[in-house]
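Peer 1: Pasting in a structure now, in structure tokens, and then I'll have a few things to ask.
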Amino acid sequence: MTLAAAVIVAAGRGVRAGGHLPKQWQLLAGKPVLEHTLQAFTAHPHIGQVVLVVHPDDTQRVAALECDDITVVDGGADRAASVAFGLNAVAGAPHVLIHDVARPLVTAATIAAVLDALTSSPGAAPAVPVTDALWTGSDGRVTGTRDREGLYRAQTPQGFHLQSIRDAHAAHPGGAADDVEVARAHGLAVAIVPGDEDNLKITLPADFARAERILRGRDGH
1 MTLAAAVIVA
11 AGRGVRAGGH
21 LPKQWQLLAG
31 KPVLEHTLQA
41 FTAHPHIGQV
51 VLVVHPDDTQ
61 RVAALECDDI
71 TVVDGGADRA
81 ASVAFGLNAV
91 AGAPHVLIHD
101 VARPLVTAAT
111 IAAVLDALTS
121 SPGAAPAVPV
131 TDALWTGSDG
141 RVTGTRDREG
151 LYRAQTPQGF
161 HLQSIRDAHA
171 AHPGGAADDV
181 EVARAHGLAV
191 AIVPGDEDNL
201 KITLPADFAR
211 AERILRGRDG
221 H
């Protein structure tokens, strides 16, 4: 299997997570969130290059990480620009995975599932079907319900054929929710692979505790 690349987007500030540092630099089980995320990809046998996109203010912090053989590039003014810079730094891989740094619990199985899907689709991403009832609301009251059939909670990594997603980003006007939206706007089909409930995105302060519980469970504690 030809090795793929991974672009880890870590240039945001993550203010909703609280703390004195951006969430990717806060500690999770004794080491920065970012380090957990990087190691999930650097340790994967089908990933040949890992590109880390960071805020220019964070360049010095990267040197302290326990992760070797990563390509570090500065991020841009928004997420789309940061992804584009990361994609431009990929060297020679036919496929690329784009992953949010705030999902440090991604498993090797999820990474492999996305890569496998790219053999028959120009794009692929993990997602979890919506199982909760869905309401609409206004002024603190329920105003209606929505059918949850066919609805999914999107996750990362989102994988693509490298040149296709480069072209898609170059053509997109901006404002997309994620790279799947960019790809679909360019006419690329995106396959859904099974997501993982533990592949959570750290957004709020309580998410750190939940992530640490999951890590302890994986370690047998």
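In my numbering, the protein residues as written are 1 to 221. Idealized CB from N, CA, C, for every residue including glycine.
#1: Grouping DSSP H, G and I as helix and E and B as strand, with all else coil, what is Thr42?
#2: Kindly identify the DSSP beta-bridge partner or partners of His95.
#3: Could you pull out every residue in the same chain whose Cβ sits closer than 8 Å to the Cβ of Thr107, ignoring the five residues on either side in sequence?
#4: Are the CB atoms of Val62 and Val7 within a distance shorter than 7 Å?
#5: Do Ala127 and Gly152 come within 7 Å of each other at the CB atom, strictly closer than that value?
#6: Using alpha carbons as the reference points, say which of Leu134, Ile98, Gly92 lies closest to Ile165.
#7: Return the chain-ordered ranges of every beta strand (DSSP E) run that is complete within the segment 54 to 84 and spans a minimum of 3 residues.
#8: Val106 lies in the alpha helix (DSSP H); which residues open and close that run?
#9: Considering only the alpha carbon of each residue, which of Leu65, Gly159, Asp78, Val33 lies closest to Gly12?
#10: Excluding sequence positions up to five away, which residues of its chain have a Cβ less than 7 Å from the Cβ of Val73?
#11: Are there three or more Cβ pairs, one per stretch, closer than 8 Å when the segment 136 to 148 is compared with the segment 112 to 122?
#12: What residue range is occupied by the uninterrupted beta strand (DSSP E) comprising Leu130?
#13: What residue range is occupied by the uninterrupted alpha helix (DSSP H) comprising Pro194?
#14: Taking DSSP as the reference, what is the three-state secondary structure of Gly137?
#15: So, under 8 Å CB-CB, His36 and Pro104 are touching, yes? Tell me the CB distance rounded to an integer number of Å.
#16: Counting only the same chain and skipping the five closest in sequence on each side, list residues whose C-beta sits under 6 Å from that of Ala80.
#17: With a threshold of 16 other CB atoms inside 10 Å of the CB of Gly220, please say whether the residue is buried or exposed.
#18: In this structure, how does DSSP classify Ile202 when only helix, strand and coil are distinguished?
#19: I need the DSSP call for Gly217, collapsed to helix, strand or coil.
#20: For a quick check, are the C-beta atoms of Gly75 and His95 less than 7 Å apart?
Peer 2: Looking at the coordinates:
#1: For the purposes of this step, residue 42 is taken as residue 42 along the sequence shown, with counting starting at 1. Helix, per DSSP.
#2: Here residue 95 refers to the residue found at position 95 when the sequence shown is read from its first residue. In the DSSP output, where bridge partners are listed per residue, His95 has His161.
#3: Position 107 of the sequence shown, counted from the start, is the residue given in the question as residue 107. Excluding residues within five positions, the ones whose Cβ falls inside 8 Å are Ala40, Asp196, Asp198, Asn199.
#4: Position 7 of the sequence shown, counted from the start, is the residue given in the question as residue 7. Position 62 of the sequence shown, counted from the start, is the residue given in the question as residue 62. No.
#5: As a working mapping, residue 152 is identified with position 152 in the sequence shown. As a working mapping, residue 127 is identified with position 127 in the sequence shown. At residue 152 the sequence reads Tyr, which differs from the Gly that was named. Taking 7 Å as the Cβ cut-off, Tyr152 and Ala127 qualify as a contacting pair.
#6: Against the sequence shown, residue 165 aligns to sequence position 165. When only C-alpha atoms are compared, the closest one is Ile98.
#7: 70 to 74
#8: For the purposes of this step, residue 106 is taken as residue 106 along the sequence shown, with counting starting at 1. Neither: Val106 is in no alpha helix (DSSP H) and is coded neither H nor E.
#9: The sequence position of residue 12 within the sequence shown is 12, counting from 1. Nearest of Leu65, Gly159, Asp78, Val33 to Gly12, Cα basis: Asp78.
#10: Here residue 73 is taken as the residue at index 73 of the sequence shown, counted from 1. Once the five neighbours on either side are set aside, the close Cβ partners of Val73 are Val51, Val53, Phe85, Gly86, Ala89.
#11: no
#12: On the sequence shown, residue 130 is found 130 positions in, with the first residue counted as 1. With the sequence shown as reference, residue 130 is identified as Val, and Leu is not the correct amino acid for it. Where Val130 is concerned, there is no enclosing beta strand (DSSP E), given that its DSSP letter is neither H nor E.
#13: Sequence index remark: in the sequence shown, residue 194 carries index 194 (1-based). No alpha helix (DSSP H) holds Pro194; the beta strand (DSSP E) holding it covers 190 to 194.
#14: The residue labelled residue 137 in the question sits at position 137 within the sequence shown. Looking at Gly137 - three-state DSSP - the assignment turns out to be strand.
#15: By one-based count along the sequence shown, residue 36 stands at place 36. By one-based count along the sequence shown, residue 104 stands at place 104. Confirmed, Cβ separation roughly 4 Å.
#16: Locating residue 80 in the sequence shown gives position 80, where the first residue counts as 1. Only Gly174 meet the Cβ criterion.
#17: Position 220 of the sequence shown, counted from the start, is the residue given in the question as residue 220. Exposed, because fewer than 16 other Cβ atoms sit within 10 Å of the Cβ of Gly220.
#18: Position 202 of the sequence shown holds residue 202. The answer is coil: DSSP assigns Ile202 none of H, G, I, E or B.
#19: Your numbering for residue 217 matches position 217 in the sequence shown. The answer is helix: DSSP assigns Gly217 an H, G or I state.
#20: Within the sequence shown, residue 75 is the residue found at index 75, counting from 1. Within the sequence shown, residue 95 is the residue found at index 95, counting from 1. Going by C-beta atoms, Gly75 is not nearer than 7 Å to His95.
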